[in-house]
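Taken in sequence, the protein lines are chains A and B.
Numbers 0 to 459, taken from numbering that gives the first Met the number 0, label the letters of the first sequence in order.
Numbers 0 to 459, taken from numbering that gives the first Met the number 0, label the letters of the second sequence in order.
All C-beta atoms, glycine included, are put in the ideal place defined by N, C-alpha and C.
Notes follow the structure.
Protein chains: 2
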Amino acid sequence: MGIAADVKAALVAAVGIANAREDADARLQYGTDALLRGAPADLVLIPGTVEEIAAIARLCHTHGVPLVVRGAGTGYTGGAVPVRGGVLLSMERFDRILEIDEENLLAVVQPNVLTGELQDAVESRGLFYPPDPASLKKSALGGNVAECAGGPRAVKYGTTRRYVMALQAVLPTGEIIRTGSKAVKNVVGYDLTQLLVGSEGTLAILTEITLRLIPKPPVAATLQATFVDVGAAVRGVTALLAARVVPATIELVDAGSLQAVERHLKRSVAPAGTGAMLLIEVDGVPGGVAEEVALVDEACQSAGALAVQRAATEAEREALWEARRALSYALRASAPRKINHDVSVPRGRVPQLFELLARLEREHRLWIPAFGHAGDGNIHVNLMVNPDDGDEMTRADRAAQELFEGVVALEGSISGEHGIGFAKAKYLSLELAPEVIALMRRVKAAFDPNGILNPGKIWE
Amino acid sequence: MGIAADVKAALVAAVGIANAREDADARLQYGTDALLRGAPADLVLIPGTVEEIAAIARLCHTHGVPLVVRGAGTGYTGGAVPVRGGVLLSMERFDRILEIDEENLLAVVQPNVLTGELQDAVESRGLFYPPDPASLKKSALGGNVAECAGGPRAVKYGTTRRYVMALQAVLPTGEIIRTGSKAVKNVVGYDLTQLLVGSEGTLAILTEITLRLIPKPPVAATLQATFVDVGAAVRGVTALLAARVVPATIELVDAGSLQAVERHLKRSVAPAGTGAMLLIEVDGVPGGVAEEVALVDEACQSAGALAVQRAATEAEREALWEARRALSYALRASAPRKINHDVSVPRGRVPQLFELLARLEREHRLWIPAFGHAGDGNIHVNLMVNPDDGDEMTRADRAAQELFEGVVALEGSISGEHGIGFAKAKYLSLELAPEVIALMRRVKAAFDPNGILNPGKIWE
């Protein structure tokens, strides 16, 4: 549809010509995320101040121009991608750590600070920001908050949501607001901070984030436990939680993923005959860690582990984590396209989830390797397909539909980390009842009466 | 104003005559909470099913009848108390624990299950529900969720918010909805679950709550550290957090509160010359606890503790906690009226908060003992007054106003645990900007277009 010339002129004037682009390259470059789909915006704006963003929002609100906010563009569901043209607002100039307050255990950051960047900065002071999405070296904290990013450590430390104390944000109608406070406990009015976390850029534009930090656990120990199959591995997880241990991470890797990563790394990662692997890390004070390591070993043995190996050196620990981190890349290299679905089920039902995956593999003749966060039942299911094979793509579509139906039947969720964006919008009604979706739309309208902010996301 | 006869008849019919009351006794009995203020409802309804609640909501919505939901009535800000008559909906018949799922570490409860009741039930199975408001023996989980209750253990384990996974609720318009899921990680759509937590009964009627549980820490150790003044005590807190210890509780008691509790218990609680006391509990696996006890001791000594005493037996531990739990009663017995304000500041600013309290005591000639959760900066400030002394009440009003202004100036919050209700509504704008309040009102309208649910709360 495009933007009327006079409106476009006003939008460009809001940031200055040097910070506005409408060349095809820019529109394409800012037009997709890790999902590699999307439609280019009509205009890319790169604001430098909150006031500029407020001016842009007011113009888009007044003239009904779609407005999409983009951070680092590492999302998997198209949350930061335009689908109806309009303005693409890049937060790239909001990239500063504004404050690290050691006494009050908090940090104030601009949204485009990278997750790993903040972690390095606080860990050098003995503090800790736990959320660790696999993309942490490339993903921006604004996007982490917008999608409520998780990661391996969520089983012990919770997801991004737990660490967001306060926000500065611009409403789609142009007001600049502040929510929450620097006090850890705050029950004044509705918790708009928590409502904005995970709202996928559809309610407000985040411009400043205050994050809670915790003391860095002094020591950590990493163990790899191998099992004959996923069922045995999950019995290990149940046994160690029954032993009252809460590891910092409990990562599960299935046989297919394991083979892919061994091919990719050109080395053996687990003994032959391994049908599933757990990567377990415990952390805390030395005495506690020693004790927990013993309990983890005992729990895995009691579940019939083939082998339990503890990393004795930092190099060995690195080697274990290298395999976990290489999973996505290894799988991506194993087929023309990897469709990644981050489904989530009650932890004890992970075995049923894997039974479902085995059935889908058989019935739809697909390779579906899976791995993920066994401790909280959040599993990354990968449909390995060739986009040029129409029949295979159709079978993958059917498999995805049955996967999401099965997950909801297990009282789980169709997304544990990545959000809905536009990629999963057509599945929303599998999990949410019509009256709940209607209520969410009324909440959306309370923030964005003209529906200009990130349109076409969450629901179709 | 009263309820039209035909509407009242329909409302009574919805629950059956045996579960409806309009006698003066019932209207009074259901008309106040721990704040001891409020106006009686016109009609008290005691429903037994979700469908009955939905029918009541539809009637109140259609005919514009105020509808107030009441749990155990232990709130401090009038959240469960009618102020405009109408219907008082008592949840007392929703008092069952529906499910304790040990494998998936969750519990499903009806809202009027008492907090302590759930804790006993899960701890007998080696599980743990951490939120521990002082009222836990009397307060209902529905109220805990509606107000986002905290407690001493929040410093390590977080408040009620962290444990609410899913809700069944009735909208003021009569729809029965479910939010969240039994999966720990769920980012599908807006987080309505978190929005309802702390919404003070103004957005929806909670009818079923799914709570996350954690493994019960196998051992705990309790220490009492005494200091010459609050400043030294808070230096102790900073030192132990700097030592990377996160105790399960860090409770602070000031001199005035200490004297009151010693009078009340008729025994000495701390050595003479004590100006402030910390009650610290660490928990976890034995090895970790032993190590943390040593670190806590060291940290308190380094901050100049007068004495650090560890409870060697369960009886000694009980004695230490008896003093902490007796605080509220001891203070209540020390003056005709105790006005309790649960203000919250960034932890490092607790000393400035106590400086402010000292100034308010001097300038307004009031006794203002304070105690609370030093670890997260959430302090219970008690204005001790005689309601029959008009001049003293006026001075207390002025002191409260200056207290809240001071707390906001310290980047804190006017309520860390108790909520706003109607008691603090006139102070809301000290903390929240007009555009934020306007946004909250639009969110309220998205749930409750006719404004029938718990009117007169949060804002005036």
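Identify the contact partners of residue i in chain A, using a Cβ-Cβ distance below 7 Å as the criterion.
i, result
"isoleucine 457 of chain B", "Gly188"
"proline 473 of chain B", "The question about residue 473 of chain B has no answer here: the residues shown for chain B are numbered 0 through 459."
"cysteine 147 of chain B", "Val186"
"glutamate 434 of chain B", "Glu174 and Ile176"
Just the chain B side, please: which residues come within less than 8 Å of residue i by C-beta, in chain order?
i, result
"arginine 243 of chain A", "Gly125, Pro214, Lys215, Pro216, Pro217 and Val284"
"glutamate 410 of chain A", "Ser180, Lys181 and Ala182"
"threonine 237 of chain A", "Glu102"
Tell me the rounded alpha-carbon separation between residue i and residue j.
i, j, result
"leucine 166 of chain A", "proline 129 of chain A", "19 Å"
"cysteine 59 of chain B", "alanine 369 of chain A", "50 Å"
"arginine 234 of chain B", "proline 214 of chain B", "32 Å"
"valine 288 of chain B", "valine 349 of chain B", "27 Å"
"phenylalanine 421 of chain A", "serine 414 of chain A", "13 Å"
"valine 64 of chain A", "methionine 90 of chain A", "18 Å"
"threonine 393 of chain B", "valine 380 of chain B", "17 Å"
"serine 256 of chain B", "tryptophan 366 of chain B", "10 Å"
"alanine 424 of chain B", "valine 236 of chain B", "32 Å"
"arginine 36 of chain A", "serine 327 of chain A", "18 Å"
"glutamate 459 of chain B", "valine 82 of chain B", "11 Å"
"valine 407 of chain B", "alanine 329 of chain A", "51 Å"
"glutamate 410 of chain B", "serine 343 of chain B", "9 Å"
"glycine 376 of chain A", "leucine 251 of chain A", "10 Å"
"leucine 240 of chain A", "valine 154 of chain A", "11 Å"
"leucine 359 of chain A", "aspartate 228 of chain A", "18 Å"
Residues of chain A with CB closer than 9 Å to the CB of residue i, please, in chain order.
i, result
"isoleucine 419 of chain B", "Val186, Val187 and Gly188"
"serine 414 of chain B", "Lys184, Asn185, Val186 and Val187"
For residue i, which option in the options has the closest C-alpha, if you only look at C-alpha atoms?
i, options, result
"glutamate 317 of chain B", "B:Leu278, B:Val169 and B:Ile204", "B:Leu278"
"arginine 397 of chain B", "B:Val6, B:Pro81, B:Leu382 and B:Val407", "B:Leu382"
"phenylalanine 446 of chain B", "B:Glu434, B:Leu402, B:Gln351 and B:Ala56", "B:Ala56"
"glutamate 401 of chain A", "A:Leu431, A:Gly376, A:His363 and A:Ala133", "A:His363"
"leucine 191 of chain B", "A:Ser198, A:Val186, A:Val187 and A:Asn185", "A:Ser198"
"threonine 114 of chain A", "A:Val244, A:Lys137, A:Arg336 and A:Ser343", "A:Lys137"
"leucine 140 of chain A", "A:Arg95, A:Ile176 and A:Lys155", "A:Arg95"
"valine 187 of chain B", "A:Val435, A:Leu452 and A:Val260", "A:Val435"
"histidine 372 of chain A", "A:Glu50, A:Gly347 and A:Arg124", "A:Gly347"
"leucine 109 of chain A", "A:Asp388, A:Gly125 and A:Arg92", "Rather than leucine, the amino acid found at residue 109 of chain A in this sequence is glutamine. Of A:Asp388, A:Gly125 and A:Arg92, the residue nearest in Cα terms is A:Arg92."
"arginine 26 of chain B", "B:Val67, B:Leu126 and B:Ile52", "B:Val67"
"alanine 203 of chain A", "A:Ile457, A:Ala153 and A:Leu452", "A:Leu452"
"glutamate 290 of chain B", "B:Ala242, B:Asp32 and B:Ile457", "B:Ala242"
"valine 183 of chain A", "B:Gly157, B:Gly72, B:Glu50 and B:Ala231", "B:Gly157"
"alanine 17 of chain B", "B:Arg160, B:Gly47 and B:Arg324", "B:Gly47"
In this structure, does DSSP put residue i in helix, strand or coil?
i, result
"arginine 83 of chain B", "coil"
"proline 214 of chain A", "strand"
"leucine 205 of chain B", "strand"
"aspartate 41 of chain B", "coil"
"leucine 113 of chain B", "strand"
"aspartate 296 of chain A", "helix"
"leucine 438 of chain B", "helix"
"methionine 90 of chain B", "coil"
"serine 327 of chain A", "helix"
"alanine 275 of chain A", "strand"
"glycine 150 of chain A", "coil"
"valine 186 of chain A", "coil"
"aspartate 396 of chain A", "helix"
"phenylalanine 127 of chain A", "strand"
Using a C-beta to C-beta distance shorter than 7 Å, which residues of chain B count as neighbours of residue i?
i, result
"serine 198 of chain A", "Tyr189"
"glutamate 291 of chain A", "Val284"
"threonine 158 of chain A", "Lys184"
For residue i, is the beta carbon positioned less than 7 Å from some heavy atom of the ligand ZN?
i, result
"methionine 439 of chain A", "Here there are no bound small molecules, and the ligand ZN is not part of this structure."
Consider the Cβ of residue i: report whether some Cβ of chain D lies at a distance smaller than 8 Å.
i, result
"arginine 161 of chain B", "Looking for chain D here will not work: the only protein chains present are A and B."
Closer than 9 Å by beta-carbon distance: list the chain B residues that pair up with residue i, in chain order.
i, result
"aspartate 375 of chain A", "Ala182, Val183 and Lys184"
Taking 8 Å as the threshold, find out whether the stretch 206 to 226 of chain A comes into contact with the stretch 299 to 310 of chain A through three or more Cβ pairs.
Yes: at least three Cβ pairs fall under 8 Å.
Report yes or no: do the stretch 80 to 90 of chain A and the stretch 38 to 49 of chain A share at least 3 C-beta pairs separated by less than 8 Å?
Three or more pairs of CB atoms, one per stretch, sit closer than 8 Å, so the stretch 80 to 90 of chain A contacts the stretch 38 to 49 of chain A.
At least three beta-carbon pairs within less than 8 Å, the stretch 171 to 190 of chain B to the stretch 112 to 122 of chain B
By the C-beta criterion, the stretch 171 to 190 of chain B is judged not to be in contact with the stretch 112 to 122 of chain B, since fewer than 3 inter-stretch pairs fall below 8 Å.
At least three beta-carbon pairs within less than 8 Å, the stretch 199 to 216 of chain B to the stretch 100 to 118 of chain B
Touching, yes, given that three or more Cβ pairs across the two stretches are closer than 8 Å.
Can you find at least 3 beta carbon pairs, one from the stretch 244 to 259 of chain A and one from the stretch 247 to 263 of chain B, that sit closer than 8 Å?
The stretch 244 to 259 of chain A vs the stretch 247 to 263 of chain B: no contact.
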